[in-house]
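First comes the structure, then the notes that go with it.
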Amino acid sequence: MRAAGRHKVTAQAWPANRFSGRKLAKGTLRSYESHIRLYLRPHLGHLPLDRLRGVHISAMFDAIDADNEFIRAARRSGDPDQRAKVKGRRIVGPATKQRIRATLRSALSKAIKAERLISVNPAAFVELESGKRPKARMWTDANVAAWRENRFRRATVAMELRAARERRDASTAARLVV
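First residue of the sequence shown: 0, per numbering that gives the first Met the number 0; consecutive thereafter.
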């Protein structure tokens with residue numbers, strides 16, 4: 000009887016239940032919900048939990064990589080329509096992929112421990128590139144010289160941006176007063 004009920008729980012239904020009973024910071028909760036809404040449900044939601052395998056999870060990350068490439072290509076394109084399609088979309092980097100996998104692992108761990116819906120966590124076996132920040136590099140004398148040469152140009156741009164912001168704020172305030 001219990002085994003028949005296991006097939007009914009899909010990956011789409013499960014993660015929503017995993018937050019109950021846990022005190023999470025608002026940012027953490029928002030991050031988890033975003034991972035579920037944007038990546039886990041669309042790619043894995045149709046699968047019953049007990050049928051979820053590492054190949055499915057790897058396929059999700061392959062689809063994310065393909066989407067990243069689409070965004071990059073559209074941004075490089077000279078076509079305004081292509082650029083408009085990806086406006087506001089962000090590339091999913093290695094660190095975000097690690098966090099998406101961590102969200103899935105956490106949900107599946109609860110499915111194992113608390114609910115006994117599955118016996119193995121397939122997300123534990125998926126390998127991803129490191130999400131570590133690149134190492135800081137030492138500035139060479141040439142780097143320092145180039146920075147010094149361009150710092151006045153950067154300061155001028157910053158001053159122009161500040162002045163434009165002040166003009167915009169002043170015109171907005173004037174419109175509000177009238």
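Cβ atoms here follow ideal geometry from the backbone N, Cα and C, with glycine treated the same way.
Checklist entry - Ordered along the chain, which non-local residues of its own chain (more than five positions away) have a Cβ less than 8 Å from that of Ile-56? => result Counting only Cβ-Cβ distances below 8 Å, and skipping sequence neighbours, we find Leu-43, Arg-100, Leu-103, Pro-121, Ala-122, Val-125.
Checklist entry - With DSSP run on the structure shown, which of helix, strand or coil describes Thr-102? => result Here Thr-102 sits in helix by DSSP.
Checklist entry - Can you give the Cα-Cα distance for Asp-140 and Ala-157, rounded to whole angstroms? => result A straight line joining the alpha-carbon of Asp-140 with that of Ala-157 spans about 25 Å.
Checklist entry - In terms of alpha-carbon separation, which member of Gly-92, Leu-39, Ala-144, Pro-79 lies closest to Pro-133? => result Residue Gly-92 is the option with its Cα nearest to Pro-133.
Checklist entry - What number of angstroms, rounded off, separates the C-alpha of Leu-116 from the C-alpha of Trp-138? => result Using only the alpha carbons, I get a separation of about 53 Å.
Next on the checklist: Ignoring anything shorter than 4 residues, give me the alpha helix (DSSP H) runs that lie fully in the stretch 65 to 126, in order along the chain.
Outcome noted: If only uninterrupted alpha helix (DSSP H) runs of at least 4 residues are considered, those enclosed by the stretch 65 to 126 are 79 to 84, 93 to 112.
Next on the checklist: Restricting to Cα atoms, I'd like to know which of Ile-70, His-45, Leu-23, Arg-164 is closest to Val-8.
Outcome noted: With respect to the C-alpha of Val-8, the residue from Ile-70, His-45, Leu-23, Arg-164 having the closest C-alpha is His-45.
Checklist entry - Where does Lys-84 land, buried or exposed, given buried means 16+ other C-beta within 10 angstroms? => result Lys-84 should be labelled exposed.
Next on the checklist: Please identify the residue among Arg-167, Leu-107, Leu-37 whose C-alpha is closest to the C-alpha of Asp-66.
Outcome noted: If we check each option's Cα against that of Asp-66, Leu-37 comes out closest.
Checklist entry - How is the alpha helix (DSSP H) around Gly-26 delimited, first residue to last? => result DSSP places Gly-26 inside the alpha helix (DSSP H), whose first and last residues are 25 to 34.
Checklist entry - Would Ala-163 be called buried (16 or more neighbouring beta carbons within 10 Å of its own) or exposed? => result By the neighbour-count definition (other C-beta atoms within 10 Å, threshold 16), Ala-163 is an exposed residue.
Item to check | For Ser-30 and Arg-98, believed in contact at Cβ under 8 Å, the rounded distance | outcome: That pair is a contact at about 7 Å.
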